[in-house]
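Engineer: Chains as they are written, first to last, in the working numbering: chain A, 37 to 256; chain B, 110 to 368. Think of the CB as a built atom: it goes at the ideal place given N, C-alpha and C, for glycine as much as any other residue.
1. Of the choices A:141, A:129, A:241 and A:63, whose alpha-carbon is the least far from that of residue 126 (chain B)?
2. Quick one: Cα of residue 147 (chain B) to Cα of residue 112 (chain A), how far?
3. Return no unless some Cβ of chain B is closer than 9 Å to the Cβ of residue 222 (chain A).
4. Roughly how many angstroms lie between the CA atoms of residue 55 (chain A) and residue 162 (chain B), to the nearest whole one?
5. Determine whether the Cβ of residue 255 (chain A) lies closer than 9 Å to any Cβ atom of chain B.
6. CA-CA distance, residue 233 (chain B) and residue 149 (chain B)?
7. Going by DSSP, which residues form a beta bridge with residue 127 (chain B)?
8. Scan the region 307-338 of chain B and note each continuous alpha helix (DSSP H) run of 4 residues or more that stays entirely inside, going in chain order.
9. Taking only three categories from DSSP, how would you classify residue 120 (chain B)?
10. Along the chain, where does the alpha helix (DSSP H) that runs through residue 140 (chain A) open and close?
11. With a 10 Å radius around its C-beta and 16 neighbouring C-beta atoms as the bar for buried, classify residue 223 (chain A) as buried or exposed.
12. What's the call for residue 114 (chain B), buried or exposed, on a 16-neighbour Cβ count within 10 Å?
13. Thinking just about the alpha-carbon of each residue, which of A:143, A:46 and A:215 is nearest to the one in residue 202 (chain A)?
14. What are the partner residues of residue 232 (chain B), as DSSP defines its beta bridges?
15. Spatial neighbours of residue 311 (chain B) within its chain, please: CB distance less than 7 Å, with the 5 preceding and 5 following residues excluded, ordered by chain position.
16. So is residue 52 (chain A) in contact with chain B if we call contact Cβ pairs under 9 Å?
17. Within 9 Å (strictly less), CB to CB, does residue 111 (chain A) reach chain B?
18. Using CA atoms only, rank isn't needed, just tell me which of B:337, B:330 and B:338 is closest to residue 127 (chain A).
19. In the DSSP assignment, what are the bridge partners of residue 92 (chain A)?
20. What's the C-alpha gap between residue 256 (chain A) and residue 187 (chain A)?
21. Roughly how far, in whole angstroms, is the beta-carbon of residue 205 (chain A) from the beta-carbon of residue 150 (chain A), given that I think they are within contact range, below 8 Å?
22. Taking C-beta to C-beta, are residue 351 (chain B) and residue 299 (chain B) nearer than 9 Å?
23. Could you check where the beta strand (DSSP E) with residue 228 (chain A) kicks off and where it finishes?
24. In the DSSP output, which residue or residues are listed as bridge partners for residue 146 (chain B)?
25. Against residue 189 (chain B), what residues of chain A qualify as contacts under a CB-to-CB distance less than 7 Å, listed in chain order?
26. In whole angstroms, what separates the C-alpha of residue 139 (chain B) from that of residue 158 (chain A)?
27. Could you give the first and the last residue of the continuous beta strand (DSSP E) run that contains residue 216 (chain B)?
28. Thinking C-beta only, is residue 137 (chain A) closer than 9 Å to residue 256 (chain B)?
29. Quick test of your reading: residue 276 (chain B) and residue 332 (chain B), contact by CB under 8 Å. State the CB separation rounded to the nearest angstrom.
30. Would you list, in chain order, the members of the region 98-129 of chain A that have their beta-carbon closer than 7 Å to a beta-carbon of chain B?
31. So does the region 255-272 of chain B actually touch the region 212-221 of chain B, counting three or more Cβ pairs closer than 8 Å?
32. Just tell me which of B:243, B:364, B:181 and B:253 has its CA closest to the CA of residue 316 (chain B).
33. May I have the straight-line CA-CA distance separating residue 314 (chain B) from residue 365 (chain B), to the nearest angstrom?
34. Listing by chain order, which chain A residues have their CB less than 9 Å from the CB of residue 339 (chain B)?
35. Rounded to the nearest angstrom, what separates residue 58 (chain A) and residue 147 (chain A) at their Cα positions?
36. For the alpha helix (DSSP H) containing residue 80 (chain A), name the first residue and the last one.
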């Protein structure tokens, strides 16, 4: 017999609530990640960034946080595939001619595609800087690794290009998550929309600023 | 379109979905109508098509219809890829042929969702909605004398919101328009109209749990908050109701007394 928790999480609304909570958690991670990366711009020698990277990597809680973060990602991704498959099955034979009624946005209609592209980017990004990261004593090398990766044409295209699907994904994500959690009120609906799109732009442009700076700024 | 002396008569090419039964593959059939009046409703235009087909000794097209005044929720159709046609907030029976042009080609498809199997041609079985209602969309009342009017006080705000939700005619257009064939707008309207009123309070938790459970069991999709349902709804039901449904469901699941 199903317990109430199992029943809730297996329901359509429960799955969407899990998607929303994990998604909001990942947005929180992105904001923290961006804030940390911005130390790259603090000085030209990369001292602030090295200090940040050393502090972060010497924190004994980091492995626990990494496991938690991995679980957040996995839950979000697995649920996304499950929900998408169910949604396709729910339609069955599709329409021969389909014209939208005008409510869909580029972000909302492409959540699965942008999600997969972001996942592909994360794999590359993890290979670049997580599995290949320097020892704690040599953390000063990291800023240089970032620079050499992002200033090359391929690195630039990957790191700049990936911010397009990320921005699109986030443009629908925030307001959709709040709606799923039932947070909808005439007093705040406009604010939620503006904050959602603003967050998407800030996070997207923020991360895009690194490949832009290294590729076009060169070593000057 | 100006009303010239000959403009009331239109020639149309119709691509109509024909399907013998739920298990038939189905296909489009092309028909030409040469004398369609702009004053006809879309369903009257189909009536003309069916007369033409009958006169030719062919099977008429099966389509759902009943009141033909926009309140019963029986008519359906996806017309040129849009649920209930191109005009917002009306049903197919309220759509008039003056919204089309002479020489137009019109694609007519049934509502498509696994939970709404096609009975024949354009007619779909939407009894999944009836089963969602049966699972909890009701209130318990004492029999006997009618209670005093206004014995139960309802705020104007709540009365208005409940009335707006109750405007849902259960046509299934939300499911047809939803990219995921989800039934969240319908279920949320039916849960909301009762959750907003004191009469709905005794079954509040049990209702939302049962109706969402039935909705999932029928095989509808999951909501991705694209609001296409709201844009397609002939009665303008708002996705605010979906947020309320989510709240009601979480409240009942996490802290509700009913199991």
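Structural biologist: In short, the structure shows the following:
1. For this step, residue 126 (chain B) is matched to residue 17 along the second chain. For the residues A:141, A:129, A:241 and A:63, the minimum Cα distance to residue 126 (chain B) belongs to A:129.
2. Translated into the one-based positions of the second chain, residue 147 (chain B) becomes position 38. Translated into the one-based positions of the first chain, residue 112 (chain A) becomes position 76. Those two C-alpha atoms are separated by around 52 Å.
3. What you label residue 222 (chain A) is simply residue 186 of the first chain in a count that begins at 1. Chain B contact via Cβ: present.
4. Indexing the first chain from 1 puts residue 55 (chain A) at position 19. Indexing the second chain from 1 puts residue 162 (chain B) at position 53. Near 51 Å, if we compare the C-alpha coordinates of residue 162 (chain B) and residue 55 (chain A).
5. Here residue 255 (chain A) refers to the residue found at position 219 when the first chain is read from its first residue. Annotation note: pLDDT 48 at residue 255 (chain A) (below 50); position unreliable, coordinate value reported separately. Chain B, which has no Cβ nearer than 9 Å to the Cβ of residue 255 (chain A), makes this no.
6. Within the second chain, numbered from 1, the residue matching residue 233 (chain B) stands at position 124. Within the second chain, numbered from 1, the residue matching residue 149 (chain B) stands at position 40. In a straight line, the C-alpha of residue 233 (chain B) is about 24 Å away from that of residue 149 (chain B).
7. By one-based count along the second chain, residue 127 (chain B) stands at place 18. For residue 127 (chain B), which the question treats as bridged, DSSP gives the partners B:136.
8. 313-326
9. Position 11 of the second chain, counted from the first residue, corresponds to residue 120 (chain B). Residue 120 (chain B): strand per DSSP, three-state reduction.
10. Your numbering for residue 140 (chain A) matches position 104 in the first chain. No alpha helix (DSSP H) contains residue 140 (chain A), which DSSP labels as neither H nor E.
11. Taking the first residue of the first chain as 1, we reach residue 223 (chain A) at position 187. That one is exposed.
12. As a first step, residue 114 (chain B) must be located in the second chain, where it is residue number 5. Residue confidence for residue 114 (chain B) is low, a pLDDT of 46 falling below 50, so the modelled location carries little weight and cannot support an answer.
13. Position 166 of the first chain, counting from 1, holds the residue named residue 202 (chain A). Cα-wise, what sits closest to residue 202 (chain A) is A:143.
14. Sequence index remark: in the second chain, residue 232 (chain B) carries index 123 (1-based). DSSP output for residue 232 (chain B) lists B:229 as bridge partner(s).
15. Counting from 1 along the second chain, the entry for residue 311 (chain B) is found at position 202. So the qualifying residues of the chain are 249.
16. Working through the first chain from its first residue, we reach residue 52 (chain A) at position 16. True, the Cβ-Cβ gap to chain B drops below 9 Å.
17. As a working mapping, residue 111 (chain A) is identified with position 75 in the first chain. For residue 111 (chain A), the answer is no, since every Cβ of chain B falls outside 9 Å of its Cβ.
18. Stepping through the first chain from its first residue, residue 127 (chain A) is reached at position 91. The candidate whose alpha carbon is nearest that of residue 127 (chain A) is B:330.
19. In the first chain, counting from the first residue as 1, residue 92 (chain A) sits at position 56. Answer is none; residue 92 (chain A) lacks a bridge partner.
20. In the first chain, counting from the first residue as 1, residue 256 (chain A) sits at position 220. In the first chain, counting from the first residue as 1, residue 187 (chain A) sits at position 151. Here residue 256 (chain A) scores only 39 on pLDDT, less than 50, and its place in the model should not be relied on; the value that follows carries that caveat. Cα-Cα distance, rounded: 12 Å.
21. Residue mapping note: residue 205 (chain A) aligns to position 169 of the first chain, counting from 1. Residue mapping note: residue 150 (chain A) aligns to position 114 of the first chain, counting from 1. Contact holds; Cβ gap of about 4 Å.
22. Taking the second chain and counting its residues from 1, the one referred to as residue 351 (chain B) is at position 242. Taking the second chain and counting its residues from 1, the one referred to as residue 299 (chain B) is at position 190. No.
23. Indexing the first chain from 1 puts residue 228 (chain A) at position 192. From DSSP, residue 228 (chain A) is part of no beta strand (DSSP E) but of the alpha helix (DSSP H) over 225-253.
24. What you label residue 146 (chain B) is simply residue 37 of the second chain in a count that begins at 1. In the DSSP output, where bridge partners are listed per residue, residue 146 (chain B) has B:118.
25. As a position in the second chain, residue 189 (chain B) is number 80, starting the count at 1. Near residue 189 (chain B) (Cβ distances below 7 Å), the residues of chain A are 133 and 135.
26. In the second chain, the residue the question calls residue 139 (chain B) occupies position 30. In the first chain, the residue the question calls residue 158 (chain A) occupies position 122. So the alpha carbons of these two residues sit roughly 50 Å apart.
27. Taking the second chain and counting its residues from 1, one reaches residue 216 (chain B) at position 107. Looking at the DSSP string, the run of the beta strand (DSSP E) that includes residue 216 (chain B) is 214-218.
28. Taking the second chain and counting its residues from 1, the one referred to as residue 256 (chain B) is at position 147. Taking the first chain and counting its residues from 1, the one referred to as residue 137 (chain A) is at position 101. Result no, Cβ atoms of residue 256 (chain B) and residue 137 (chain A) do not sit closer than 9 Å.
29. Within the second chain, the letter at position 167 stands for residue 276 (chain B). Within the second chain, the letter at position 223 stands for residue 332 (chain B). Wrong, their Cβ atoms sit about 20 Å apart, outside the cutoff.
30. 119, 122, 123, 125, 126, 127, 128 and 129
31. no
32. Along the second chain, one-based indexing puts residue 316 (chain B) at 207. Ranking the options by Cα distance to residue 316 (chain B), first place goes to B:243.
33. Taking the first residue of the second chain as position 1, residue 314 (chain B) is located at position 205. Taking the first residue of the second chain as position 1, residue 365 (chain B) is located at position 256. Using only the alpha carbons, I get a separation of about 6 Å.
34. For this step, residue 339 (chain B) is matched to residue 230 along the second chain. Result: 137 and 139.
35. Looking up residue 58 (chain A) in the first chain gives position 22. Looking up residue 147 (chain A) in the first chain gives position 111. Looking at the two C-alpha atoms, the distance is approximately 15 Å.
36. Taking the first residue of the first chain as 1, we reach residue 80 (chain A) at position 44. Element bounds for residue 80 (chain A): n/a, residue is neither H nor E.
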